[in-house]
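Visitor: Basically our numbering = 1-based index in the sequence shown + 57. Where is the CB? At the ideal position from N, CA and C, for every residue including glycine. Please read all numbers here as calculations on a predicted model, not as lab measurements. Questions regarding the structure given below will be posed in turn.
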Amino acid sequence: MTTEPEAIPQPDAPIQTAVAPSGVPPRFVGKVALVTGASNRGIGGAIAERLAREGAIVMLLSRTEPDRLLDRIGAAGGSCRWLRCDVTERDEITRVLAHVIEQTGWLDVLVNNAGYEVLGGFAELSDDEWQKLVGINLSGVMRMSHAALPTLVTRKGVIVNVTSASAQGGTPGLVAYSAVKAGVDGLTRSLAAEYASKGIRVVGVAPALVKTPMSARHASSMTEDAWRKLVDCHPLGIGSPHDVASAVAFLASHEARWISGITLPMGWMPSYPLPYEASSGTSG
């Protein structure tokens with residue numbers, strides 16, 4: 058889908074920098090952040106709210122306007138705009154990014170959050186589903202990063218990629234999704250190495266199960282026993298979108314200036330579950 062130029066909302070005046078509310082570290086005052094795939098509820102929306110709360114001008118790119126999210130950010134005193142954009146369309150990305158720079162003057166943070174998921178056995182995976190997963194989850198990250206890097210270089214900016222624990226641990230039923238997100242992890246590491254000399258940082262977050270509308274749909278189709286096994290995979294319990302947003306805000310901030318080329322696992326940990334307590338006679 059391609060959006061015509063006139064479909065892009067045109068603000069009456071350039072967007073002004075928000076002031077961080079009292080009690081919130083002003084880590085992003087004077088900064089411009091762009092978040093793809095932000096919806097009214099979910100990880101992208103939580104990231105947008107967190108960055109806006111800390112003073113950033115936040116530009117949201119998605120195919121559907123997150124009206125309730127925009128209202129929440131505005132009511133909290135944040136600065137936020139939505140632009141319609143499909144991350145599978147390079148011409149559209151180029152046009153929208155040019156509009157962002159025209160309105161804000163620069164870009165400091167790019168959060169590649171837009172994603173698509175297919176749940177099912179590998180044998181049933183179709184070519185069309187595979188291509189859609191690659192187009193949004195991997196090529197979309199490549200296109201957005203490729204278009205934004207010239208501007209990010211002038212600001213020594215940051216790219217934060219939202220991947221998945223499935224990319225690092227492997228998940229039956231999410232073979233294609235895991236593979237594509239693993240590709241994003243590789244892109245994160247390689248871009249970080251290539252652009253470090255230019256002052257650019259590239260990092261990622263890999264959340265396990267997070268309470269979102271998407272995960273709720275999956276949970277509704279599971280048996281109680283299957284759900285309990287899934288929950289048991291998370292030593293610290295199921296996460297919330299705001300848990301991910303907090304990590305993104307740190308990694309995108311100056312406080313993480315010495316961190317690049319890593320993808321942070323969230324909500325799970327690789328382990329070999331030996332029955333230590335039973336074999337050693339200990340009990341916590």
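Specify the secondary structure class of A180 as computed by DSSP and reduced to three states.
Guide: Counted from its first residue, the sequence shown places residue 180 at position 123. A180: helix per DSSP, three-state reduction.
Visitor: Answer yes if the stretch 151-162 comes into contact with the stretch 213-228, meaning at least three C-beta pairs across the two stretches below 8 Å, and no otherwise.
Guide: no
Visitor: Per DSSP, which one or two residues make a beta bridge with G94?
Guide: Within the sequence shown, numbered from 1, the residue matching residue 94 stands at position 37. None; G94 has no bridge partner.
Visitor: Might you give, ordered along the chain, the residues of its own chain that have their beta carbon closer than 6 Å to the beta carbon of E249, omitting 5 neighbours on each side?
Guide: Stepping through the sequence shown from its first residue, residue 249 is reached at position 192. Reading the sequence as shown, one finds Ala at residue 249 and not Glu. Hits under 6 Å: V259, S317 and G318.
Visitor: Three or more beta-carbon pairs under 8 Å between the stretch 116-128 and the stretch 87-106, yes or no?
Guide: yes
Visitor: I need the boundaries of the alpha helix (DSSP H) containing R201, first residue and last residue.
Guide: Here residue 201 is taken as the residue at index 144 of the sequence shown, counted from 1. First, the residue type needs correcting, since residue 201 is Met and not Arg in the sequence shown. S196 to R212 is the extent of the alpha helix (DSSP H) around M201.
Visitor: At what residue ranges does the stretch 230-308 contain a whole run of the alpha helix (DSSP H), taking only runs of 4 or more?
Guide: 232-252, 270-277 and 281-289
Visitor: Could you check what DSSP says for L126 in three-state terms: helix, strand or coil?
Guide: Counting from 1 along the sequence shown, the entry for residue 126 is found at position 69. DSSP places L126 in helix when its eight states are reduced to three.
Visitor: Residues in the same chain with beta-carbon distance under 8 Å from A142, minus the five sequence neighbours each way, listed in chain order, please.
Guide: Here residue 142 is taken as the residue at index 85 of the sequence shown, counted from 1. According to the sequence as given, residue 142 is Cys; it is not Ala. Cβ neighbours of C142 beyond the five flanking positions: T60, T93, L118, S119, R120, E149, I150 and V153.
Visitor: Nearest CA to the CA of G324: which residue from A265, S303 and I104?
Guide: Taking the first residue of the sequence shown as 1, we reach residue 324 at position 267. Closest by alpha carbon: A265.
Visitor: Looking only at its own chain, which residues have a Cβ that is under 7 Å from the Cβ of S263, when we skip the five neighbours before and after it?
Guide: Translated into the one-based positions of the sequence shown, residue 263 becomes position 206. The sequence as given places Ala at residue 263; Ser does not occur at that position. T220, S221, A222, A224, Q225, T320, L321, P322 and M323, listed in sequence order.
Visitor: Pick from S96, R110, G102 and V237: whose alpha carbon is nearest that of F370?
Guide: The chain is shown from 58 up to 341; residue 370 falls before or after that span and cannot be answered.
Visitor: Near A33, which residues of its chain fall below 8 Å by C-beta distance, leaving aside the five closest residues on each side in sequence?
Guide: The structure shown does not extend to residue 33, since the chain is modelled only from 58 through 341, so no value can be given for it.
Visitor: Buried or exposed for V301, going by 16 or more other Cβ atoms inside 10 Å?
Guide: Along the sequence shown, one-based indexing puts residue 301 at 244. V301 comes out buried.
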